Ligand SMILES: Cc1ncc(COP(=O)(O)O)c(C=O)c1O
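Residue numbers (the numbering used here): 828 to 1232.
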C-alpha cells in the first residue's frame, strides 16, 4: 500500500529550475519588450533572434498585419464559441478550403493550435484495437495524442526505416487499424522524415501515414507546401500543420480525405468543445497563404540564409547533426555548459535557447538555432563572429573534439 501524501509535495520539492535561476543562468521565459523582424528587445537591448520559428519572417509583413486588423474590424476580437455552434466564420471555411488545396488534400479542419490538432486528430482516429507506430523523436503534441488515444503505441528508432519495418513485422498482426506517425521535419534536429520509404512500408503493412509538418510548411516544397511536396508525392494520408511558425499566427490544422475530415469534425473533443480560432489569427494566415504564392523571395531568402549558416557553422567546427533545413542544432555538451553558453550569447546580444536532458540524451545538450528570411547578412555575420569566439572559449569547436562529437 502507498503512504498518503499531499498532492503538492512534488511541487515544493521541484528545484531543477530554481537551481539554474539561483546561479543566474536561467534562459527561459525571458520577457520580450518588442520584436523587430529578425531581432527582439529584452532588458532594454536589441538582440538578434536565432531561436524563432518565424521562418519566412511574415509576422512583420505589412500585408499580414493589415489583414489581421481588417479581420478584427469586420468580425471583432473573438468568436466566443465553438465552430460547432456559434463560432464558425466564413474565414474558417475559406482557410480550410485554401489550405486543403495548398497541401494537396481533399479537405481540411482548422484547430486552435498545432498541439490540439495532433492531440485531437490522433485520439479521434485511433480506436481501442488500433496501433500507432511513432518515431521516437516525435513532437510532444504527438505523444500527447498517443497518450489520450485508446489504442496502443509502438515506437521505432528515429528516422530508421529498417526499425520501422522490424516493429511492423513483429506487431502488425495484433491490431486492426494502424497509423505511422512522424514529424515531417523534426523540431530539434531539423532532420527530414524519409516519407517515400515510410509510405511504401505503410502500404505493404496496411497502415496509414500521418505527417506533422509544423516545421516544413512554408519551408520545404516548391512554394512551402511541405515535406510531401518536397518528395514529389501525394499519397500521405494525413497532414497536420501549425500557423505558429511560417504562417506568422496561431492555430493549426489537419488535412486528409473528405470522409476523414467529416468524421473528425463531428467526433473530436478538442475541436468541438473549444472556442474557435479568432479573426485576427485567421486574417493573418489567409494573407500568408497569398504571400507565399505571390512573393517567392521569402522562401528563397530563407534557404540562402539557412545554407549559408549551415556551411559556415560546419566550417567553424560545430557539430550540426547533419541538418539540411533552417533548423540547425549545435551540440554543446553538458546541460550546465549549455546554460552558460546561452547566457554568454545573450550577453553578446543574441537570443537563443538550449535544449537539455531529458529532451536530448545527457551530455548532448544543444543549442537549437533556426534561421529566417528576415535575417540580414549583418545579423548572420555577427552571430557567426560570436559563435566563433564562444566555440573556442568553451572548447566546443576545437579540432580534437570534432571526431568525438
Ligand atoms: C512538430 C510540432 N508539432 C506541433 C507543434 C505545436 O504547434 P502549436 O505551436 O501550433 O501548438 C509544434 C510546436 O512547437 C511542433 O514543433
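Backbone N, C-alpha and C define an ideal beta-carbon position, used for all residues, glycine too.
Keep in mind the model is a prediction, meaning the values are calculated, not measured.
What I want to know is whether the C-beta of residue 1056 ends up closer than 8 Å to one or more non-hydrogen atoms of ligand 1. The sequence position of residue 1056 within the chain shown is 229, counting from 1. Result no, Cβ not under 8 Å from ligand 1.
Just tell me which of 1138, 1150, 1099, 989 has its CA closest to the CA of residue 909. Locating residue 909 in the chain shown gives position 82, where the first residue counts as 1. Nearest C-alpha to residue 909: 1099.
Residue 917: which of 937, 1222, 932 sits nearest, CA to CA? Sequence index remark: in the chain shown, residue 917 carries index 90 (1-based). The shortest C-alpha separation from residue 917 is found at 937.
Chain-order list of residues whose beta-carbon lies under 7 Å from that of residue 1064 (same chain, five-residue window excluded): In the chain shown, residue 1064 corresponds to position 237, counting from 1. These residues qualify, in order along the chain: 1035, 1036, 1037, 1083.
Quick one: Cα of residue 1195 to Cα of residue 1211, how far? Residue numbering aside, residue 1195 sits at position 368 when the chain shown is read from its first letter. Residue numbering aside, residue 1211 sits at position 384 when the chain shown is read from its first letter. Approximately 15 Å, taken between the alpha carbons.
Could you give the distance in angstroms between the alpha-carbon of residue 1221 and the alpha-carbon of residue 923? Counted from its first residue, the chain shown places residue 1221 at position 394. Counted from its first residue, the chain shown places residue 923 at position 96. In a straight line, the C-alpha of residue 1221 is about 48 Å away from that of residue 923.
Endpoints, the alpha helix (DSSP H) within which residue 990 is located: In the chain shown, counting from the first residue as 1, residue 990 sits at position 163. Segment 988-998, the alpha helix (DSSP H) holding residue 990.
Residue 1108: which of 905, 1031, 1044 sits nearest, CA to CA? To locate residue 1108, count along the chain shown from 1; it is residue 281. Nearest of 905, 1031, 1044 to residue 1108, Cα basis: 905.
Inspect the CB distances between the region 1017-1036 and the region 969-979 and report whether three or more fall short of 8 Å. no
In chain order, what residues of the same chain lie with their CB nearer than 6 Å to the CB of residue 828, ignoring the 5 residues before and after it? Sequence index remark: in the chain shown, residue 828 carries index 1 (1-based). Correct list: empty, nothing qualifies.
For residue 949, which option in 891, 1088, 1214 has the closest C-alpha, if you only look at C-alpha atoms? Against the chain shown, residue 949 aligns to sequence position 122. The shortest Cα separation from residue 949 among 891, 1088, 1214 belongs to 1088.
What does the Cβ neighbour count give for residue 886, buried or exposed, with the cut at 16 atoms within 10 Å? As a position in the chain shown, residue 886 is number 59, starting the count at 1. It counts as buried.
Segments of 4+ residues assigned as alpha helix (DSSP H) that fall wholly inside the region 1115-1158: 1124-1143
Who are the near neighbours of residue 1176 in its chain, counting only those whose CB is closer than 6 Å to its CB and skipping five residues on each side? The residue given as residue 1176 occupies position 349 in the chain shown. For residue 1176, where only same-chain residues beyond five positions count, the Cβ hits under 6 Å are 874.
What do you get for residue 1081, buried or exposed, if any count of 16 or more other CB atoms within 10 angstroms of its CB means buried? Reading the chain shown from its first residue, position 254 is the one you call residue 1081. Counting Cβ neighbours within 10 Å, residue 1081 comes out buried, since at least 16 surround it.
Applying the 10 Å Cβ sphere with the 16-neighbour rule, what's the burial state of residue 1052? Taking the chain shown and counting its residues from 1, one reaches residue 1052 at position 225. It counts as buried.
Could you check the C-alpha separation between residue 1000 and residue 1028 for me, to the nearest Å? Stepping through the chain shown from its first residue, residue 1000 is reached at position 173. Stepping through the chain shown from its first residue, residue 1028 is reached at position 201. Straight-line Cα distance between these residues: approximately 14 Å.
Given the structure, does residue 966 come close to ligand 1, in the sense that its CB is under 8 Å from one of the ligand's heavy atoms? Your numbering for residue 966 matches position 139 in the chain shown. Indeed, a heavy atom of ligand 1 lies less than 8 Å from the Cβ.
Should residue 1010 be listed as close to ligand 1, given that the test is whether its C-beta is under 8 Å from any heavy atom? As a first step, residue 1010 is located in the chain shown; it is residue number 183 there, counting from the start. Yes, the beta carbon of residue 1010 sits closer than 8 Å to at least one heavy atom of ligand 1.
Have a look at the DSSP bridge pairing and note the partners of residue 1072. For the purposes of this step, residue 1072 is taken as residue 245 along the chain shown, with counting starting at 1. Looking at the DSSP assignment, residue 1072 forms no beta bridge with any residue, so it has no partner.
Residue environment, residue 1146, which counts as buried when at least 16 other CB atoms sit within 10 Å: As a first step, residue 1146 must be located in the chain shown, where it is residue number 319. Residue 1146 comes out buried.
Neighbourhood of residue 1154 by C-beta distance below 6 Å, restricted to the same chain and skipping five residues each side: Start at 1 with the first residue of the chain shown, and residue 1154 comes out as number 327. The answer, listed in chain order, is 1017, 1197.
Which parts of the region 968-1056 are runs of the beta strand (DSSP E), unbroken and 3 residues or longer, counting only runs that do not cross its ends? 979-983, 1005-1010, 1035-1039
Any idea which residues DSSP pairs residue 1079 with across the strands? Indexing the chain shown from 1 puts residue 1079 at position 252. In DSSP, residue 1079 forms a bridge with 938, 1069.
Which of helix, strand or coil DSSP assigns to residue 836: Working through the chain shown from its first residue, we reach residue 836 at position 9. Residue 836: helix per DSSP, three-state reduction.
Under a three-way DSSP split, which group does residue 1177 fall into? Here residue 1177 refers to the residue found at position 350 of the chain shown. If DSSP states are grouped into helix, strand and coil, residue 1177 belongs with the strands.
Hey, would you say the C-beta of residue 1070 is under 8 Å away from at least one heavy atom of ligand 1? The residue labelled residue 1070 in the question sits at position 243 within the chain shown. Under cutoff, so the answer is yes.
Mind pulling the alpha helix (DSSP H) runs of 4 or more residues that sit fully within the region 828-880? 836-840, 843-849
Cross-strand partners of residue 1160 (DSSP beta bridge): Along the chain shown, read from residue 1 onward, the residue named residue 1160 stands at position 333. Answer is 1192, bridged to residue 1160.
Ordered along the chain, which non-local residues of its own chain (more than five positions away) have a Cβ less than 8 Å from that of residue 881? In the chain shown, counting from the first residue as 1, residue 881 sits at position 54. Within the same chain, residue 881 has close Cβ partners 1072, 1073, 1075, 1199, 1201.
Which of helix, strand or coil DSSP assigns to residue 1063: Looking up residue 1063 in the chain shown gives position 236. In this structure, residue 1063 counts as coil in the three-state DSSP scheme.
Going by C-alpha distance, which of 944, 1095, 1178 is nearest residue 870? Translated into the one-based positions of the chain shown, residue 870 becomes position 43. Of the listed residues, the one whose Cα sits closest to residue 870 is 1178.
Opposite residue 1182 in the DSSP bridges: which residues? Position 355 of the chain shown, counting from 1, holds the residue named residue 1182. Paired residue(s): 1193.
With the cut-off set at 9 Å, would you say residue 959 and residue 1005 are in Cβ contact? The residue labelled residue 959 in the question sits at position 132 within the chain shown. The residue labelled residue 1005 in the question sits at position 178 within the chain shown. Against a cut-off of 9 Å, the Cβ pair of residue 1005 and residue 959 comes out as a contact.
In whole angstroms, what is the alpha-carbon distance linking residue 1119 and residue 1105? The residue you call residue 1119 lines up with position 292 of the chain shown. The residue you call residue 1105 lines up with position 278 of the chain shown. Using only the alpha carbons, I get a separation of about 22 Å.
Secondary structure of residue 1103, DSSP reduced to three states: In the chain shown, residue 1103 corresponds to position 276, counting from 1. It is coil, neither helix nor strand.
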